[in-house]
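Everything in the sequence shown is counted per the working numbering, starting at 114 for the first residue and increasing by one. Notes to accompany the following structure.
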Amino acid sequence: MLTKPQAGWSDFHLEGTSVYGLSYLDDIGIEWVEQAIHGLETLCPFCVHGNLEPGRMLCVVSYWNCYIFYEHEGSGPIKENKDKVFEYLSHTSMIDFCQCLYDDISGSLNEWASFVDYDHKDFDEKRQRLAQRLERLRELIEEKRVNFGPNRFFT
């Protein structure tokens with residue numbers, strides 16, 4: 114889903130969608146993990162985003178699908194610029210999105226901790242915070258997986 118960050122960039126891809134090159138302008142590791150935690154804690158859809166330079170990508174993670182919106186740089190209100198906004202659907206459930214996010218971020222923890230870390234003064238602190246947030250995400254994935262199984266129910 115997310116490639117290992119290199120030179121301030123990471124590619125994002127979900128089945129059935131394009132590949133989006135996300136830049137260092139957003140702290141993808143921390144921000145996306147925190148959104149996923151909130152989504153699983155509340156069992157409510159959540160949104161992650163990234164800057165593509167140019168353009169923006171928004172991914173709404175719902176219960177059974179993800180909806181990706183791509184906006185060209187400089188696009189205004191959607192009603193006026195329908196030709197500058199593209200929508201894509203991926204049949205990726207919230208639990209699968211969160212599992213992929215956990216796997217990809219924890220598999221390259223040092224690289225994600227240094228993503229958007231310009232002066233490297235807070236690397237150890239950020240790495241520890243990211244590791245703690247990943248542990249919480251892992252716990253929630255295990256706890257909430259039953260809500261996305263064949264006998265699913267939301268509590």
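The C-beta atom is built at its ideal place from N, Cα and C for all residues, glycine as well.
- Counting the other Cβ atoms within 10 Å of the Cβ of Lys234 gives fewer than 16, which makes it exposed.
- Burial check for Val174: the Cβ neighbour count within 10 Å reaches 16 or more, so the residue is buried.
- Taking C-beta atoms under 8 Å as the contact rule, Tyr201 and Ile254 fail to qualify, at a distance of about 24 Å.
- Taking the Cα positions, Leu243 is about 32 Å away from Pro263.
- Taken through DSSP and simplified to helix, strand or coil, Leu243 comes out as helix.
- Residue burial annotation: Thr205 is buried, with at least 16 other C-beta atoms found within 10 angstroms of its C-beta.
- If you draw a straight line from the Cα of Phe228 to the Cα of Gln119, it is about 9 Å long.
- Judged by their CB atoms, His162 and Leu171 are nearer to each other than the 7 Å cut-off.
- Using a 10 angstroms sphere on the CB of Asp217, the tally of other CB atoms reaches 16 or more, which defines it as buried.
- Per DSSP, the beta bridge partners of Cys172 are Val161, Ile181.
- DSSP links Gln119 through a beta bridge to Trp122.
- For Val146, no pairing in a beta bridge is given by DSSP.
- Contact between Val146 and Leu222 does not hold, since the beta-carbon distance rounds to 11 Å and is not under 8 Å.
- Rounded to whole angstroms, Gln212 and Tyr133 show a C-alpha spacing of 19 Å.
- The residue among Phe261, Gly168, Trp225 with its C-alpha nearest the C-alpha of Asp140 is Trp225.
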